Amino acid sequence: GAPPLDAPARYVESTQAAAAARTRARRDQRSSPVRRESPPPPGGRHLGRILDNAPIGIVTLEPSGTVRGWNRRAERIFGAAVPGQPFTELFPAATRVALREHLLASADDGGESAAFERQDPDGELQVLELAGGSLGPEGGDALMVLVQDVTARVTAERRHRAVEELLTAVVSSVPDAVYVKNRDGRYLMINGPGAAVWGLTPDEIAGRATEEIVHPDAYERIRANDRQVVQTGEAHVFDEEAPGPPRRWY
184 GAPPLDAPAR
194 YVESTQAAAA
204 ARTRARRDQR
214 SSPVRRESPP
224 PPGGRHLGRI
234 LDNAPIGIVT
244 LEPSGTVRGW
254 NRRAERIFGA
264 AVPGQPFTEL
274 FPAATRVALR
284 EHLLASADDG
294 GESAAFERQD
304 PDGELQVLEL
314 AGGSLGPEGG
324 DALMVLVQDV
334 TARVTAERRH
344 RAVEELLTAV
354 VSSVPDAVYV
364 KNRDGRYLMI
374 NGPGAAVWGL
384 TPDEIAGRAT
394 EEIVHPDAYE
404 RIRANDRQVV
414 QTGEAHVFDE
424 EAPGPPRRWY
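Mind the numbering: the sequence shown is residues 184 to 433 in the numbering used here, read in order.
This is the structure in structure tokens:
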């Protein structure tokens with residue numbers, strides 16, 4: 184079947200959950216509060232020459248959650264942010280509560296990042312990693328948000344996973360044994376028919392070395408075949424003796 188298309192959503196959910204878990208762990212381990220150095224609070228549109236030209240997006244928020252200021256990179260990411268606009272309204276309504284909770288928690292516990300989805304000004308999917316930070320005593324209760332656009336990375340990971348899932352589906356449908364090993368003879372993947380030869384499942388074989396799977400009498404022959412493939416750089420088809428009906432190995 185076609186590979187699932189929800190990889191960005193799964194990535195977003197996993198980063199949010201991981202950030203929340205790390206935040207809880209640090210709170211449990213922390214015995215006393217640690218004061219962190221923070222940049223001076225910005226004034227209006229510009230955050231200062233250095234921050235304004237930083238390669239990462241920086242947005243400052245009032246205690247109410249409205250935008251106080253942002254740098255050039257953040258303006259390029261969001262496109263239409265204006266002072267006084269609630270920051271969470273730049274994201275879908277379904278994620279706003281989780282977003283605000285994440286920013287408050289990360290500001291309090293060290294700036295852990297998590298990914299959130301939105302639509303960019305052109306209506307395209309945009310995945311942003313966000314981390315909150317305190318502005319220190321001079322900033323009062325204001326928050327600083329660090330923003331990184333990871334859309335390209337998430338899209339590439341999604342395509343990679345889709346190719347892997349498609350390859351797995353094709354290999355799984357082949358009636359003969361098909362496997363992939365590294366140069367040390369460790370199985371990276373094997374299909375169901377191949378695993379069944381040894382009375383195991385693909386998950387039970389993946390990651391294990393050849394000598395852990397095959398009978399000692401067959402080990403040297405199989406490893407010789409492996410070395411032949413590596414040395415010639417060409418595909419070979421081998422007939423191997425194994426328990427059960429005759430099968431071909433690719």
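All C-beta atoms in this analysis are idealised placements derived from N, C-alpha and C, irrespective of residue type, glycine included. The structure presented is a predicted model; accordingly, all values stated were derived computationally and were not measured.
Q) Quick check: the region 366-380 against the region 343-358, are there 3 or more CB pairs under 8 Å? A) yes
**Q.** Residue burial classification, Gly390 (beta-carbon count within 10 angstroms, cutoff 16)
**A.** Taking a 10 Å sphere around the C-beta of Gly390, we find fewer than 16 other C-beta atoms and assign the residue as exposed.
(Q) For a test of the three-state rule: what should DSSP assign to Ala297, helix, strand or coil? (A) strand
Q: Flag this pair as touching only if the region 383-400 and the region 364-373 have three or more C-beta atom pairs under 8 Å; answer yes or no.
A: The answer is yes - the region 364-373 touches the region 383-400, with three or more Cβ pairs under 8 Å.
Q) Below 8 Å, can you find three or more Cβ-Cβ pairs linking the region 265-273 to the region 241-257? A) The region 265-273 is in contact with the region 241-257.
Q: Please state whether DSSP places Glu312 in a helix, a strand or coil.
A: When DSSP states are grouped into helix, strand and coil, Glu312 belongs to the strand group.
Q: Measure the C-alpha to C-alpha separation of Val412 and Leu349 and round it to an integer number of angstroms.
A: Whole-angstrom Cα-Cα distance: 24 Å.
Q: State the Cα-Cα distance for the pair Pro223 and Val353, rounded to the nearest angstrom.
A: Since pLDDT at Pro223 reaches only 46, below the 50 mark, its modelled position is unreliable, and no value is offered.
Q: Report whether the distance from the Cβ of Ala257 to the nearest heavy atom of the ligand PLP is below 7 Å.
A: Absent from the structure shown: the ligand PLP. Ligands present: none.
(Q) Runs of 3 residues minimum, wholly inside the region 366-426: which ones carry the beta strand (DSSP E) assignment? (A) 370-373, 421-423
Q. Cα-Cα, which of Ile388, Leu383, Val380, Glu284 is closest to Val363?
A. Measuring from the Cα of Val363, the nearest candidate turns out to be Ile388.
Q. Got a sec? Which residues, its chain only, sit under 8 Å from Gln414 by beta carbon, not counting five neighbours each side?
A. Close CB contacts of Gln414 within its chain, under the 8 Å cut and outside five residues either way in sequence, are absent.
Q | Residue from Ala325, Asp305, Phe299, Gln302 whose Cα sits closest to the Cα of Phe252 | A | Note on identity: in this sequence residue 252 is Gly, with Phe being the wrong assignment. Measuring from the Cα of Gly252, the nearest candidate turns out to be Ala325.
Q) Does the distance from the CB of Gly315 to the CB of Leu287 come in under 8 Å? A) yes
Q: Kindly give me the distance between the Cβ atoms of Ile239 and Val330, rounded to whole angstroms, as I take these residues to be in contact under 8 Å.
A: About 7 Å separates the beta carbons of Ile239 and Val330, which is inside the 8 Å limit, making them a contact pair.
Q) So, is Glu295 buried or exposed, given that buried needs 16 or more other C-beta atoms within 10 angstroms? A) The residue is buried, with at least 16 neighbouring Cβ atoms inside 10 Å.
Q: Assign Ile405 to buried or exposed, taking buried as 16 or more other Cβ atoms, counted over all protein chains shown, within 10 Å of its Cβ.
A: buried
Q. Using CA coordinates, which residue listed in Ile233, Asp291, Phe299 is at the minimum distance from Val280?
A. Phe299
Q: Quickly, what does DSSP pair Asp332 with across the bridge? List them, please.
A: Leu311
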